[in-house]
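Asker: Going down the list, the sequences are from chains B and R.
All residue numbers for the first sequence refer to my numbering, where the first residue is 103 and numbers rise by one.
All residue numbers for the second sequence refer to my numbering, where the first residue is 103 and numbers rise by one.
Positions of the beta carbon are idealized from the N, C-alpha and C atoms, including for glycine.
What follows is a structure written as structure tokens; I'll ask about it next.
2 protein chains.
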Amino acid sequence: MVKRKAPDIAVGRLPLYLRVLNQLLEEGRTTTNSQEMGTRLGLSPAQIRKDLSYFGGFGRFGAGYDVAYLCEQLRRILNLERTWPVALVGAGHLGHALANYGRFSEGGFEIVAVFDDDPSKIGSPLGRHQVLDAAQLERVIQEQGIVIAILAVPLQAAQAVADRLVAAGIKAILNYAPVRLKVPNDVKVQEIDPVARLQHMAYYLEADDAAMDDGEA
Amino acid sequence: MVKRKAPDIAVGRLPLYLRVLNQLLEEGRTTTNSQEMGTRLGLSPAQIRKDLSYFGGFGRFGAGYDVAYLCEQLRRILNLERTWPVALVGAGHLGHALANYGRFSEGGFEIVAVFDDDPSKIGSPLGRHQVLDAAQLERVIQEQGIVIAILAVPLQAAQAVADRLVAAGIKAILNYAPVRLKVPNDVKVQEIDPVARLQHMAYYLEADDAAMDDGEA
């Protein structure tokens, strides 16, 4: 399979390309090129062409890309021609925001079940859902053939819940708990940690001060 | 300055090291090493030692690291010895979750003002805050010397709000809108896009099916 050759970092940029193409479509555009996509994404045109080249030839040299065609191809490559049912675990503030997040469905995903183990939350409405008892996690995941889960539980509970998700058949976890989950090799995990992102940027805030000190020396 | 030499990708991993060290501290541990940290993070010990080497010598060869000392040094390097005041723009479901997110303060950040331009939200309580009129954005940011903002507004409003934030003096933006913001070179942006992360993982879900097909051939 040609697609096996693509490095993970290139795969990770495909959703960004798809995002830009969708925006171009909404603007009524029919063609684009790597230069324009690069400008919109802050990436070099060469990077974009190289990433896309792992997956096939999507444009004629000099003629650019057909927006609708490339969009369709990227959705195919990323397996987004179907809608993936998703289990959300955790019905706190974050779970609430995620259950009400409008972009999942247009992106190819639909939260079909929300779980929590807090008796005060079980049975209460959340977005278009009713919070289910976490004790039913395995049954619902297996019955509905769900392979993607979003983990929005406290740090202390995260690994134990992840273990249960994996045992129930989950193959991809979007993890909001600030811990690197231990999972088998065939399970993918992506982590979202806003604190780590802020800390990353804080490093440079001081670097600016240092730069000014240098200037005075 | 020694710290200038560090590549951004190494800087971006420091918060993960800090996270692990904090967890070790909570477990009452006093020493660790790159092997143990690597196991907890799914990174190679060599990677961790190399990343840390950009910033100084934090352990004696063979003796490992003093957890409290390395923790303190990483906080110093990342400029987290102070608490950074943060402006949050957008008081929808996501803004609500962010305003109630407990980990910001322990990470070195405090949301000090929440803004929205929706008259039905302005003045209403959100976490420990009262939602301010977005018209006051510039005044509050300047008066309070805020340089970090979290952007949790709809896609269509994101660039215009970012322009206002930058003009008001913001130097770091955590962007939840699915668009690559255009900002001056001295402003840092980190993007959080859960849909892109799910799409990245969906690529591999199909790869598994393909692998099974291959097996049958």
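1) Nearest chain R C-beta to M139/B closer than 8 Å, yes or no?
2) Does the separation of the CB atoms of L283/B and A264/B fall below 8 Å?
3) Against chain B, does P296/R count as a neighbour if the rule is that its beta carbon must be under 8 Å from one of theirs?
4) Which of the three DSSP states is assigned to E183/B in this structure?
5) Which whole-angstrom value is the C-beta distance of L257/B and I275/B, which I expect to be below 8 Å?
6) Please confirm whether I179/R has its beta-carbon closer than 8 Å to some beta-carbon of chain B.
7) What is the DSSP secondary structure of L145/B, reduced to helix, strand or coil?
8) Please list, in chain order, the residues of the region 141 to 167 of chain R that have any C-beta partner in chain B closer than 8 Å.
9) Is K107/R helix, strand or coil when you go by DSSP?
10) In angstroms with no decimal places, state the Cα-to-Cα distance between K105/B and I150/B.
11) So, under 8 Å CB-CB, E240/B and A270/B are touching, yes? Tell me the CB distance rounded to an integer number of Å.
12) Just verifying my parser: in three-state terms, what is the DSSP assignment at V289/B?
13) Quick one: residues in its chain with C-beta nearer than 7 Å to the C-beta of T133/R, no 5 flanking neighbours on either side, listed in chain order?
14) For A304/R and V297/R, what's the separation of their Cα atoms in angstroms?
15) What do you get for G158/B, buried or exposed, if any count of 16 or more other CB atoms within 10 angstroms of its CB means buried?
16) Would the region 180 to 189 of chain R count as touching the region 186 to 205 of chain B if we require 3 or more Cβ pairs under 8 Å?
17) Relative to the alpha-carbon of S243/R, which residue among K223/R, V268/R, P227/R has its alpha-carbon at the smallest distance?
18) Suppose you measure from the CA of A193/R to the CA of A237/R; what does that come to, to the nearest Å?
19) So with CB distances below 8 Å, who are the chain B contacts of H195/R?
20) Taking the C-alpha atoms as reference points, what is the distance between S207/B and R177/B?
21) Just to confirm, is the Cβ distance from Q137/R to R299/B under 8 Å?
22) Would you report the Cα separation of Y203/B and G144/B, rounded to the nearest angstrom?
23) Comparing C-alpha positions only, which one of F211/R, Q261/R, R230/R sits nearest to V249/R?
24) Determine, using beta carbons only, whether A199/B and H198/R come nearer to each other than 8 Å.
25) Quick one: residues in its chain with C-beta nearer than 7 Å to the C-beta of G225/R, no 5 flanking neighbours on either side, listed in chain order?
26) Round the Cβ separation of H302/B and G209/R to the nearest angstrom and send it over; I've been treating them as touching at under 8 Å.
27) May I ask you to report which of helix, strand or coil DSSP gives P117/R?
28) Flag this pair as yes or no: are the beta carbons of V156/R and K290/B separated by less than 8 Å?
29) Is P280/R close to chain B? Criterion is C-beta to C-beta, closer than 8 Å.
30) So, for V78/R: in the same chain, excluding its five sequence neighbours on each side, which residues have a beta-carbon less than 6 Å away from its beta-carbon?
31) Indicate whether at least one CB of chain B lies closer than 8 Å to the CB of L126/R.
32) With a threshold of 8 Å between beta-carbons, can I248/B be considered close to chain R, or not?
33) Thinking just about the alpha-carbon of each residue, which of K107/B, S146/B, K223/B is nearest to the one in A119/B?
34) What are the start and end residues of the alpha helix (DSSP H) that includes V242/B?
35) In terms of residues, what are the limits of the alpha helix (DSSP H) holding L257/B?
Answerer: Straight from the coordinates:
1) As a first step, residue 139/B is located in the first sequence; it is residue number 37 there, counting from the start. Judged by the 8 Å Cβ criterion, M139/B is not in contact with chain R.
2) In the first sequence, counting from the first residue as 1, residue 283/B sits at position 181. In the first sequence, counting from the first residue as 1, residue 264/B sits at position 162. Yes, they are a contact pair.
3) Sequence index remark: in the second sequence, residue 296/R carries index 194 (1-based). Interface residue, yes.
4) Here residue 183/B refers to the residue found at position 81 when the first sequence is read from its first residue. E183/B falls in the coil class under three-state DSSP.
5) Position 155 of the first sequence, counting from 1, holds the residue named residue 257/B. Position 173 of the first sequence, counting from 1, holds the residue named residue 275/B. Wrong, their Cβ atoms sit about 15 Å apart, outside the cutoff.
6) The residue labelled residue 179/R in the question sits at position 77 within the second sequence. I179/R counts as touching chain B.
7) Mapped onto the first sequence, residue 145/B falls at position 43. DSSP places L145/B in coil when its eight states are reduced to three.
8) R142, L143, G144
9) The residue you call residue 107/R lines up with position 5 of the second sequence. In the structure shown, K107/R sits in a helix (DSSP, three-state: H, G or I).
10) Looking up residue 105/B in the first sequence gives position 3. Looking up residue 150/B in the first sequence gives position 48. In this prediction, K105/B has a pLDDT of 48, which is less than 50 and means its spatial position is unreliable; nothing more can be read from the coordinates.
11) Within the first sequence, numbered from 1, the residue matching residue 240/B stands at position 138. Within the first sequence, numbered from 1, the residue matching residue 270/B stands at position 168. Indeed they touch by this definition, with Cβ atoms about 4 Å apart.
12) Counting from one through the first sequence, the residue named residue 289/B turns up at place 187. V289/B falls in the coil class under three-state DSSP.
13) Looking up residue 133/R in the second sequence gives position 31. Same-chain partners within the cutoff: G166, Y167, D168, V169.
14) Within the second sequence, the letter at position 202 stands for residue 304/R. Within the second sequence, the letter at position 195 stands for residue 297/R. Cα to Cα, the separation comes out at about 10 Å.
15) Within the first sequence, numbered from 1, the residue matching residue 158/B stands at position 56. Exposed: under 16 other Cβ atoms inside 10 Å.
16) no
17) In the second sequence, the residue the question calls residue 243/R occupies position 141. Looking at the sequence shown, residue 243/R is not Ser but Ile. Ranking K223/R, V268/R, P227/R by Cα distance to I243/R puts V268/R first.
18) Counted from its first residue, the second sequence places residue 193/R at position 91. Counted from its first residue, the second sequence places residue 237/R at position 135. Taking the straight line joining both Cα atoms gives about 14 Å.
19) What you label residue 195/R is simply residue 93 of the second sequence in a count that begins at 1. Result: H198, A199, N202, Y203.
20) In the first sequence, residue 207/B corresponds to position 105, counting from 1. In the first sequence, residue 177/B corresponds to position 75, counting from 1. Their backbone Cα atoms lie some 13 Å apart in a straight line.
21) Mapped onto the second sequence, residue 137/R falls at position 35. Mapped onto the first sequence, residue 299/B falls at position 197. Their beta carbons are not under 8 Å apart, which means Q137/R does not touch R299/B by this criterion.
22) Position 101 of the first sequence, counting from 1, holds the residue named residue 203/B. Position 42 of the first sequence, counting from 1, holds the residue named residue 144/B. When rounded, the distance between both Cα atoms is 26 Å.
23) On the second sequence, position 147 is the one that residue 249/R refers to. When only C-alpha atoms are compared, the closest one is F211/R.
24) Here the question's residue 199/B lines up with position 97 in the first sequence. Here the question's residue 198/R lines up with position 96 in the second sequence. Cβ distance < 8 Å, so A199/B and H198/R count as in contact.
25) To locate residue 225/R, count along the second sequence from 1; it is residue 123. So the list reads Q232, V233, once near-sequence residues are dropped.
26) Reading the first sequence from its first residue, position 200 is the one you call residue 302/B. Reading the second sequence from its first residue, position 107 is the one you call residue 209/R. Not really, about 11 Å apart at Cβ, beyond 8 Å.
27) Counting from 1 along the second sequence, the entry for residue 117/R is found at position 15. Three-state result, P117/R: helix.
28) Counting from 1 along the second sequence, the entry for residue 156/R is found at position 54. Counting from 1 along the first sequence, the entry for residue 290/B is found at position 188. Rather than Val, the amino acid found at residue 156/R in this sequence is Tyr. Against a cut-off of 8 Å, the Cβ pair of K290/B and Y156/R comes out as no contact.
29) Against the second sequence, residue 280/R aligns to sequence position 178. At least one chain B Cβ lies under 8 Å of P280/R.
30) Here chain R comprises residues numbered 103 to 319, so residue 78/R is not present and cannot be evaluated.
31) Within the second sequence, residue 126/R is the residue found at index 24, counting from 1. With 8 Å as the cut-off, L126/R does not count as an interface residue toward chain B.
32) Within the first sequence, numbered from 1, the residue matching residue 248/B stands at position 146. By this cut-off, I248/B is not an interface position.
33) Residue 119/B sits at position 17 when you count from the first residue of the first sequence. Note that residue 119/B is Tyr in the sequence shown, not Ala. The shortest C-alpha separation from Y119/B is found at S146/B.
34) Numbered from 1 along the first sequence, position 140 holds the residue referred to as residue 242/B. First-last of the alpha helix (DSSP H) with V242/B: 239 to 246.
35) Translated into the one-based positions of the first sequence, residue 257/B becomes position 155. 257 to 270 is the span of the alpha helix (DSSP H), which, as asked, contains L257/B.
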